[in-house]
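Numbering (the numbering used here), first residue to last: 27 to 950. Yeah, the Cβ is synthetic: ideal placement off N, Cα and C, and Gly gets one too. Data first, discussion second: the structure below is written as structure tokens.
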């Protein structure tokens, strides 16, 4: 085979095709390509070429490139040179086969099949048996010696062509076929005889004439050209676009078109078609897996028109073909070094390979197969890391419902929303956080049901087994918090009418779910059930928690595979992985999950519950003395929090963010408070405290709190607030040091926009730390840094680095401020439309926006390190646990990522994958 160095330059290869002119080459014979040309030839075309190169039995044919498709879609017309190139390759194919397309006495028939770079099963179009006509069907019957086969092939062509190319409703053909079987009194189409099929062809042609307004084309070249255009057009069908959005496949790739000489599995009992896998795609186990259907064409297997038999049964039906297939499967798996998915046809005892690709597989199978291939010496550890991904690991970590029971008599599906946080949860429906906490403390399992959640629901969310909301999307408050906690969540179940005041939920059909009724939610599918669906626990989480050991005799084989892959990743990765954790319990769990420190401790979470009253007093203080008294009471409480945290993370860095949110968030809701005051006044009840609170809420009210008095601005405007927190951190570190511990605290000032803000807070903090050191008689190595979460901070990172020992990129707020989005608002209002229109491939709050936010991060990294070469760099936004974003942070040179405890294994795995140079198999 001769391989082109530049795949776009015309070349002859071994195709027997004369070059039709210099310039871009739009058509490749199967002998010219290879599996590396998927961008140009699509996955199907590249792999057909590869199998041809391997000497496997592939029917001759050629591939029209994705470039031709893109030109056609962009301009509305095929490239000027395409028709001549197709003609040249068709001539060569006809010469090779010894017959012409649609030849009356002995027709060459071809299939026209789509084939994009990434597999999109069932999303685009295929037409078989092109070349058949009223004349050539007679020649086919004579050559095959089988009238039934010829008329069956012709009716299939008209049916597929009518539906795919001419847009005729497919059910019309199905109904006519069913009517023919009913008239004949047979159950399956193989029992229809030639005369029946001939009548069916006439019926199908009438359907085409009526529905499409034209006759079925009798010119074979017209059939082929129209089918090629139909495949091009199928790239932009709604189902194809939806699939690409779901699988994050770019919309600008286009599809290739494969024109392949037909081989027939519907010639009788010695013919058939099948699908095979070189390993079980569900479990990863080695063996013979697949389906076979005698006397059938390929679409019959997929459509489920007739029951298939197990592939192993082929050994009894046709041992010669079976043995040859087993050898080919072994050859392909060793060549591709991966699970292969194969389509084949047997034509009168002759085996033909129609397609192969790296097969899709379940998450569990992916991990098992990767380690099996390492053991077989087919791949190394670096390649094994590319065979799995963080999304698959996350899938393995969540509990799941027992599918065999989910559709049973005792439970019924009542709705479906967005699968926001995977897993399975069962509990009694409750409609407010107070009840969730109360019932949970009594030993009840509950599902918190809300229209949407807000920060005040945090206690209830923690207490609940899962969260269900009727509003919101994948990055709504409920979704983000649930994912962070590893909590199952279904959001945006709009068909469920949630009435929190009456404590009930009305489902489609009018049934009312009252508080206390048991419901089940599936965060992997978004399904909501009435009743209890049994849950199967995840052994992978048991392993990460330390309750199951990979080397134990009774260890799950999946756990062993995950253990080995994680060990590969940890040896390979450069990025360290920290946790976002605010208390000792979360910190200990994070450590078990492999965290190498805390990258974000949010101190505002320490001000909730019983301490909220102290914060209220701080806010309402009229004098310095009152303010200092409130701070004095908060100090020992904060200190104890940090002592516990430093003990849990002894020897590892702990980054503590000083108070960030606006103070009004610690006060009651303005509407609720106004009602309380009005009612008290009407009853003439004492309400001095409520009135002071209401005045404070009005005083602190802001039109846009996210950009108001928060972060470093609080520390500069509220005297003593930040210094109290710094003192609590320093005293806790000193206490741990005196107890022979190894505290490694890092103090982070939030929302800095200019170096002057940081310099003032830093100077005050250093004074406090010096006082604590002197008083405790210890040397505290506390570093001070900032969050980079404003565009100006990123743009002036070089200046800010003069006063900061570390940067932690707060990509949640940085995304909001770069895009001008209020995340809570835009999710509900227009994000869905943006995703549907392709403005976003994925929400910028889920995966880092490389071109915008990412550019600021990259520039800030360079500028910061130019000023301070030893500047420590990390990220602590939600993106720190997003697989694709972890790769970006590796590329730009961050030292660590920080994410919620539950996402730590995912971040560890993706950091290892990012550091691996192998490109791996992409089996999307």
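So residue 617 and residue 674 are in contact, right, with Cβ under 8 Å, and what is the actual spacing, rounded?
Position 591 of the chain shown, counted from the start, is the residue given in the question as residue 617. Position 648 of the chain shown, counted from the start, is the residue given in the question as residue 674. That belief holds up - the Cβ atoms of residue 617 and residue 674 are roughly 7 Å apart, short of 8 Å.
Inter-residue CB distance, residue 369 and residue 324 (contact presumed, cutoff 8 Å):
Position 343 of the chain shown, counting from 1, holds the residue named residue 369. Position 298 of the chain shown, counting from 1, holds the residue named residue 324. Confirmed, Cβ separation roughly 6 Å.
Residue 591 to residue 121 span [Cα, whole Å]:
As a working mapping, residue 591 is identified with position 565 in the chain shown. As a working mapping, residue 121 is identified with position 95 in the chain shown. Those two C-alpha atoms are separated by around 52 Å.
Between the alpha carbons of residue 859 and residue 865, how many angstroms are there, rounded?
The residue given as residue 859 occupies position 833 in the chain shown. The residue given as residue 865 occupies position 839 in the chain shown. Using only the alpha carbons, I get a separation of about 9 Å.
Where does the unbroken alpha helix (DSSP H) through residue 355 begin, and where does it stop?
The residue you call residue 355 lines up with position 329 of the chain shown. Run containing residue 355: 345-362, per the alpha helix (DSSP H) assignment.
Please give the ranges of any beta strand (DSSP E) in the region 658-705, keeping only runs that are unbroken, at least 3 residues long and fully inside the region.
679-683
Between the Cα of residue 940 and the Cα atoms of 927, 925, 503 and 920, which residue gives the shortest distance?
Start at 1 with the first residue of the chain shown, and residue 940 comes out as number 914. Closest option to residue 940, Cα to Cα, is 920.
Is the region 898-910 touching the region 834-841 in the sense that three or more CB pairs, one from each, lie closer than 8 Å?
yes
So, with DSSP's three-state summary, where would you put residue 770?
Here the question's residue 770 lines up with position 744 in the chain shown. The answer is strand: DSSP assigns residue 770 an E or B state.
Looking at the structure shown, is residue 329 part of a helix, part of a strand, or coil, going by DSSP?
The sequence position of residue 329 within the chain shown is 303, counting from 1. Residue placement at residue 329 cannot be trusted, given a pLDDT of 47 that sits under 50; the coordinates are not used to answer.
So, helix, strand or coil for residue 529, using DSSP?
Taking the chain shown and counting its residues from 1, one reaches residue 529 at position 503. Coil at residue 529, not helix or strand.
Quick one: what does DSSP say residue 936 is sitting in, helix, strand or coil?
Residue 936 sits at position 910 when you count from the first residue of the chain shown. Residue state, collapsed to three classes: helix.
From 406, 550 and 132, residue whose alpha carbon lies closest to that of residue 598:
The residue you call residue 598 lines up with position 572 of the chain shown. Minimum Cα distance to residue 598 is reached at 406.
Continuous alpha helix (DSSP H) stretch holding residue 787: start and end:
For the purposes of this step, residue 787 is identified with residue 761 of the chain shown, where counting begins at 1. First-last of the alpha helix (DSSP H) with residue 787: 781-802.
From 822, 807, 805 and 806, pick the residue whose C-alpha is nearest to that of residue 813; which is it?
What you label residue 813 is simply residue 787 of the chain shown in a count that begins at 1. Checked all of 822, 807, 805 and 806; the closest Cα to residue 813 is 822.
If you check the beta carbons only, do residue 606 and residue 909 fall under 8 Å apart?
Position 580 of the chain shown holds residue 606. Position 883 of the chain shown holds residue 909. Contact flag unset, no.
Could you spell out the range, first to last residue, of the alpha helix (DSSP H) harbouring residue 845?
Along the chain shown, read from residue 1 onward, the residue named residue 845 stands at position 819. Residues 837-845.
In the DSSP assignment, what are the bridge partners of residue 152?
Locating residue 152 in the chain shown gives position 126, where the first residue counts as 1. Beta-bridge pairing links residue 152 to 139.
Residue of 203, 284, 230 and 112 minimising C-alpha distance to residue 160
For this step, residue 160 is matched to residue 134 along the chain shown. Residue 160 has its Cα closest to that of 230, out of 203, 284, 230 and 112.
In terms of residue numbering, what span does the beta strand (DSSP E) encompassing residue 495 cover?
Along the chain shown, read from residue 1 onward, the residue named residue 495 stands at position 469. Counting along the chain, the beta strand (DSSP E) containing residue 495 begins and ends at 492-495.
Measure the alpha-carbon distance for residue 494 versus residue 453 and round it to whole angstroms.
The residue labelled residue 494 in the question sits at position 468 within the chain shown. The residue labelled residue 453 in the question sits at position 427 within the chain shown. Their backbone Cα atoms lie some 11 Å apart in a straight line.
For residue 372, which of 390, 336, 298 and 769 has the nearest alpha-carbon?
As a first step, residue 372 is located in the chain shown; it is residue number 346 there, counting from the start. The shortest C-alpha separation from residue 372 is found at 298.
Whole-number beta carbon distance between residue 514 and residue 549, since they are thought to touch under 8 Å:
On the chain shown, position 523 is the one that residue 549 refers to. On the chain shown, position 488 is the one that residue 514 refers to. Right, the Cβ-Cβ distance comes to about 4 Å (below 8 Å), so this counts as a contact.
On the DSSP letters alone, give me the boundaries of the alpha helix (DSSP H) that residue 757 sits inside.
Residue 757 sits at position 731 when you count from the first residue of the chain shown. Unbroken alpha helix (DSSP H) run through residue 757: 747-764.
What does the alpha-carbon distance come out to for the pair residue 156 and residue 283?
Within the chain shown, the letter at position 130 stands for residue 156. Within the chain shown, the letter at position 257 stands for residue 283. Taking the straight line from one Cα to the other gives about 14 Å.
Starting from residue 175, trace the alpha helix (DSSP H) both ways and give me its first and last residue.
Taking the chain shown and counting its residues from 1, one reaches residue 175 at position 149. Per DSSP, residue 175 belongs to the alpha helix (DSSP H) from 173-190.
Measuring alpha carbon to alpha carbon, tell me which of 827, 475 and 916 ends up nearest residue 600.
To locate residue 600, count along the chain shown from 1; it is residue 574. That would be 916, whose Cα lies nearest to the Cα of residue 600.
Buried or exposed (CB count within 10 angstroms, at least 16 for buried), residue 705
In the chain shown, counting from the first residue as 1, residue 705 sits at position 679. Looking at its Cβ environment, which holds fewer than 16 other Cβ atoms inside 10 Å, residue 705 is exposed.
Just how far apart, CA to CA, sit residue 341 and residue 347?
As a first step, residue 341 is located in the chain shown; it is residue number 315 there, counting from the start. As a first step, residue 347 is located in the chain shown; it is residue number 321 there, counting from the start. Approximately 8 Å, taken between the alpha carbons.
Sequence-distant residues of the same chain with beta carbon closer than 6 Å to residue 271, five excluded per side:
Taking the first residue of the chain shown as 1, we reach residue 271 at position 245. Excluding sequence neighbours, residue 271 sits near nothing in its chain.
Opening and closing residue of the beta strand (DSSP E) in which residue 376 lies:
As a first step, residue 376 is located in the chain shown; it is residue number 350 there, counting from the start. Residue 376 -> beta strand (DSSP E) spans 376-384.
Leaving out five residues before and five after residue 586 in sequence, what residues of the same chain have Cβ atoms less than 7 Å from its Cβ?
Taking the first residue of the chain shown as position 1, residue 586 is located at position 560. Around residue 586: 576.
Within 10 angstroms of its Cβ, does residue 91 collect 16 or more other Cβ (buried), or is it exposed?
If you number the chain shown from 1, residue 91 lands on position 65. Its Cβ being crowded by 16 or more others within 10 Å, residue 91 is buried.
The region 740-758 in contact with the region 655-672 per 3-pair CB rule at 8 Å:
yes
With a 10 Å radius around its C-beta and 16 neighbouring C-beta atoms as the bar for buried, classify residue 729 as buried or exposed.
Your numbering for residue 729 matches position 703 in the chain shown. It is exposed - the Cβ of residue 729 has fewer than 16 other Cβ atoms within 10 Å.
For residue 761, which residues of its own chain have a beta-carbon under 6 Å away from its beta-carbon, when the five flanking residues on both sides are left out?
To locate residue 761, count along the chain shown from 1; it is residue 735. 669, listed in sequence order.
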